[in-house]
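Undergrad:
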Amino acid sequence: MDAFLTQWYLLCKHIFYQKFDLKFNEMSLPTSNKKLLSKRITQMSPSATIAMSQMARDLRAKGHDVISLSLGEPDFDTPQHIKDAAKKALDDGKTKYTPVPGLVELREAIKTKFKRDNDIDCDINQIVVSNGAKQSLANLSLTMLEEGDEVIIFSPYWVSYYEIVRLGLGTPVILDAGIETDFKVTAAQLDNAITNNTKFILFSSPCNPTGSVYEEHELKAIADVVAKYDDVYIVADEIYEYINFTGKHVSIGSFENVKDRTITVNGFSKGFAMTGWRLGYICAPKEIAAACSKMQSQFTSGATAFGQAAAAHALLSDMSPTHEMAKAYRSRRDMLMGKLREIPGFKVNQPEGAFYIFPDISALFGKKNGDTVINNSVDLCNYLLQTVHVALVPGSAFGNDNCLRISYAASDEQLLEAVRRIKKGVEQLS
Ligand code: PMP
Ligand code: GLU
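For the sequence shown, position 124 matches number 128 in my numbering, and the numbering has no gaps at all.
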């Protein structure tokens, strides 16, 4: 248990430092030789989602019956026809280096998909395929930002945005939205936050961690604000595009007034349940796409050949497995919302996409069980992990300490049991 507690302590410390934006050189990684490592890495917080899921695995390995709703990863397997396409690609000899921005056949398929699903017209030299959307975002940060550039991040935000922006020496400017507005930042908030240093705005819709979906009129209002300013770009992360319960997904990059200033980020991890394949992509203005490709040429080269061939097949063939998965997520959401609302102190709004619920649990702050006092989201996560063995992610990792993130990419049985346990744990607080 000692190693586990050390890990937990380090994670809490990282989240705490990030939240209060303390000087990161005050932090130490578990190493005996600080000079060994660069400032860049010692100042970086680890990914809280990955750290939490690893802690859950470690506890499980020690024989504890842990339910982990911490990692945002589909519980479904990749559809069989996509796996078959990868096997065929291997047999066909797709085992060599690929063009750095991606196989032409995949970029052609992505171009078709952008037109078909997003109303975005692009050329294949605007498309860069990467080893996951995470790398796509890192490419953008490293190619677009200079020290002093500000990136406006809509909060709650996906955990890695903050660190990816800092990696590019950018300054994250966080715009907060709470549960009262379904965690959505308004165009007026954005207008107030833009300065001469603003390089781009960054948000996901459907959103990780809140599941919120920006409606067309909200996206239009945001686009109208951005359009007023020269040289402000939009990075729209649409990786949960196919897990959208509102009907048709709307891409901000399809709007005439910002289409030349929008970088649309997407990937195969969520909609096609292909997290381990490591495939993401962007559609960007040509100059930015070429820069990302240049960056990749020195870092990673092109993504895996047979994976790309299968990804092209995925985009152009039967999408029904993707729709079936989205249907399952939706029914889990419906089931879970009702159950979570029965837990004292949990305030739950209705997420419209992705596979997360982000309850506001601030009503529990100040409550205790024995010597354990709940003062923030980290305390509650720690308490639930220790007492009822359910792993969740503290909202502070996503910029909102009033909340917790629950990933419902898990079976109905696991979800029902997890909620039963959470309720039991919470009812023991007074
Ligand atoms: N953006 C968001 C909002 C995500 O939730 C994820 C999930 N890891 C990513 C980007 C990165 O996805 P991947 O690197 O697996 O393509
Ligand atoms: N996007 C997922 C999450 O938020 C996967 C973990 C990660 O890549 O950080 O949990």
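Virtual Cβ for every residue (Gly too), placed ideally from N, Cα, C.
Determine the DSSP secondary structure at ASN373, reduced to helix, strand or coil.
TA: Walking along the sequence shown from the start, residue 373 turns up at place 369. It is a strand residue.
Undergrad: For the beta strand (DSSP E) containing PRO176, list its first residue and its last residue.
TA: Within the sequence shown, the letter at position 172 stands for residue 176. Run containing PRO176: 175 to 180, per the beta strand (DSSP E) assignment.
Undergrad: May I ask you to check if the CB of TRP162 is nearer than 7 Å to at least one heavy atom of the ligand GLU?
TA: Sequence index remark: in the sequence shown, residue 162 carries index 158 (1-based). Yes.
Undergrad: Start and end of the alpha helix (DSSP H) containing SER335?
TA: What you label residue 335 is simply residue 331 of the sequence shown in a count that begins at 1. Going by DSSP, SER335 is part of the alpha helix (DSSP H) stretching over 324 to 345.
Undergrad: Within a Cβ cutoff of 7 Å, which residues of the same chain sit near ALA414, ignoring the five residues on either side of it in sequence?
TA: For the purposes of this step, residue 414 is taken as the residue at position 410 of the sequence shown. Same-chain partners within the cutoff: LEU73 and ASP79.
Undergrad: From ALA197, GLY306, GLU112 and SER164, pick the residue whose C-alpha is nearest to that of LEU320; which is it?
TA: Within the sequence shown, numbered from 1, the residue matching residue 320 stands at position 316. If we check each option's Cα against that of LEU320, GLU112 comes out closest.
Undergrad: Measure how close the beta-carbons of VAL392 and ASP383 come, nearest whole angstrom, since I'm counting them as under 8 Å.
TA: Indexing the sequence shown from 1 puts residue 392 at position 388. Indexing the sequence shown from 1 puts residue 383 at position 379. Incorrect: roughly 14 Å between the Cβ atoms, too far for contact.
Undergrad: Please state whether DSSP places PHE80 in a helix, a strand or coil.
TA: Residue mapping note: residue 80 aligns to position 76 of the sequence shown, counting from 1. In the structure shown, PHE80 sits in coil (DSSP, three-state: anything other than H, G, I, E or B).
Undergrad: Might you give, ordered along the chain, the residues of its own chain that have their beta carbon closer than 6 Å to the beta carbon of TYR165, omitting 5 neighbours on each side?
TA: Counting from one through the sequence shown, the residue named residue 165 turns up at place 161. These residues qualify, in order along the chain: ILE157 and LEU206.
Undergrad: From the DSSP output, in three-state form, read off PHE28 for me.
TA: Here residue 28 corresponds to residue number 24 of the sequence shown, with the count starting at 1. Note on PHE28: pLDDT 36, under 50, position unreliable in the model; the coordinate value appears next. Three-state DSSP puts PHE28 in a helix.
Undergrad: Does at least one heavy atom of the ligand PMP sit under 7 Å from the Cβ of ASP241?
TA: As a first step, residue 241 is located in the sequence shown; it is residue number 237 there, counting from the start. Between the ligand PMP and ASP241, a heavy atom-to-CB distance of less than 7 Å is present.
Undergrad: Identify which residue in ASP234, LYS100, GLU220 and PHE276 has its Cα closest to the Cα of SER258.
TA: For the purposes of this step, residue 258 is taken as residue 254 along the sequence shown, with counting starting at 1. The shortest C-alpha separation from SER258 is found at GLU220.
Undergrad: Can the beta-carbon of PRO160 be found closer than 8 Å to that of GLY403?
TA: Here the question's residue 160 lines up with position 156 in the sequence shown. Here the question's residue 403 lines up with position 399 in the sequence shown. Closer than 8 Å, so yes.
Undergrad: Is the separation between the beta-carbon of GLY284 and that of GLY136 shorter than 8 Å?
TA: Counted from its first residue, the sequence shown places residue 284 at position 280. Counted from its first residue, the sequence shown places residue 136 at position 132. In contact: GLY284 and GLY136 (Cβ atoms closer than 8 Å).
Undergrad: Please identify the residue among ILE54, ALA52, GLN84 and GLU222 whose C-alpha is closest to the C-alpha of SER324.
TA: The sequence position of residue 324 within the sequence shown is 320, counting from 1. Taking only the C-alpha atoms, the option nearest SER324 is GLN84.
Undergrad: Determine the contact status of ALA181 and LYS188, defining contact as a CB-CB distance below 8 Å.
TA: Here the question's residue 181 lines up with position 177 in the sequence shown. Here the question's residue 188 lines up with position 184 in the sequence shown. The Cβ atoms of ALA181 and LYS188 lie closer than 8 Å to each other.
Undergrad: Taking only runs that begin and end inside the segment 263 to 314, name each unbroken beta strand (DSSP E) of 3 or more residues, in chain order.
TA: 266 to 271 and 284 to 287
Undergrad: Go through its chain and collect everything with a Cβ distance to LYS371's Cβ below 7 Å, but skip five positions before and after it.
TA: Here residue 371 is taken as the residue at index 367 of the sequence shown, counted from 1. Hits under 7 Å: ILE378, LEU433 and SER434.
Undergrad: Comparing the CB of SER51 with every heavy atom of the ligand GLU, is any distance shorter than 7 Å?
TA: The count along the sequence shown starts at 1 and reaches residue 51 at position 47. It does: the Cβ of SER51 is within 7 Å (strictly closer) of some heavy atom of the ligand GLU.
Undergrad: Quick one: does the C-beta of ASN212 sit closer than 7 Å to a heavy atom of the ligand GLU?
TA: Counted from its first residue, the sequence shown places residue 212 at position 208. The answer is yes for ASN212.
Undergrad: Go ahead and label ALA367 buried or exposed: buried means 16 or more other beta carbons lie within 10 angstroms of its beta carbon, across all protein chains shown.
TA: Here residue 367 corresponds to residue number 363 of the sequence shown, with the count starting at 1. ALA367 comes out exposed.
Undergrad: Say yes only if the C-beta of GLY257 is nearer than 7 Å to one or more non-hydrogen atoms of the ligand GLU, and no if none qualify.
TA: Against the sequence shown, residue 257 aligns to sequence position 253. Not one heavy atom of the ligand GLU lies closer than 7 Å to the C-beta of GLY257.
Undergrad: Under 7 Å: does the beta carbon of ALA137 sit that close to some heavy atom of the ligand PMP?
TA: Numbered from 1 along the sequence shown, position 133 holds the residue referred to as residue 137. Result yes, Cβ under 7 Å from the ligand PMP.
Undergrad: If you compare alpha carbons, which of GLU167, ASP121 and GLU151 is closest to GLN139?
TA: For the purposes of this step, residue 139 is identified with residue 135 of the sequence shown, where counting begins at 1. That would be GLU167, whose Cα lies nearest to the Cα of GLN139.
Undergrad: On the criterion of 16 or more Cβ atoms from any shown chain inside 10 Å, does ILE286 qualify as buried, or is it exposed?
TA: Against the sequence shown, residue 286 aligns to sequence position 282. That one is buried.
Undergrad: Got a sec, what are the start and stop residues for the alpha helix (DSSP H) PHE118 sits in?
TA: Indexing the sequence shown from 1 puts residue 118 at position 114. For PHE118, the enclosing alpha helix (DSSP H) starts and ends at 108 to 122.
Undergrad: Does the segment 225 to 245 come close enough to the segment 270 to 285 to have 3 or more Cβ pairs within less than 8 Å?
TA: yes
Undergrad: Going by DSSP, what residue range makes up the beta strand (DSSP E) through VAL132?
TA: Locating residue 132 in the sequence shown gives position 128, where the first residue counts as 1. Segment 131 to 134, the beta strand (DSSP E) holding VAL132.
Undergrad: Kindly indicate the opening and closing residues of the alpha helix (DSSP H) around ILE54.
TA: Taking the first residue of the sequence shown as 1, we reach residue 54 at position 50. Segment 52 to 65, the alpha helix (DSSP H) holding ILE54.
Undergrad: From the DSSP output, in three-state form, read off PHE20 for me.
TA: As a working note, residue 20 is residue 16 in the sequence shown. Low confidence applies to PHE20: its pLDDT is 47, below 50, so where it sits in the model is not reliable enough to give any reading.
Undergrad: Report the three-state DSSP secondary structure of GLU154 (helix, strand or coil).
TA: Locating residue 154 in the sequence shown gives position 150, counting from the first residue. Note: GLU154 maps to strand in three-state DSSP.
Undergrad: Within 10 angstroms of its Cβ, does SER32 collect 16 or more other Cβ (buried), or is it exposed?
TA: For the purposes of this step, residue 32 is taken as the residue at position 28 of the sequence shown. Confidence at SER32 is low in this model, with a pLDDT of 49, below 50, so its placement is unreliable and the value that follows should be read with caution. SER32 comes out exposed.
Undergrad: Consult DSSP for VAL104 and reduce its assignment to one of helix, strand or coil.
TA: Taking the first residue of the sequence shown as 1, we reach residue 104 at position 100. Note: VAL104 maps to coil in three-state DSSP.
Undergrad: Figure out for me which residue from ASP416, ALA395, ARG336 and ALA294 has the closest Cα to the Cα of PRO105.
TA: The count along the sequence shown starts at 1 and reaches residue 105 at position 101. With distances taken between Cα atoms, PRO105 lies closest to ALA294.
Undergrad: Grab me the residues of ILE124's own chain with a C-beta within less than 8 Å of its C-beta, minus the 5 sequence neighbours each way, in chain order.
TA: Taking the first residue of the sequence shown as 1, we reach residue 124 at position 120. Closer than 8 Å at Cβ, skipping near neighbours: PHE118, SER255, GLY257, SER258, LYS263, THR268 and CYS287.
Undergrad: Would you call the CB atoms of VAL394 and ARG425 closer than 8 Å?
TA: Working through the sequence shown from its first residue, we reach residue 394 at position 390. Working through the sequence shown from its first residue, we reach residue 425 at position 421. Closer than 8 Å, so yes.
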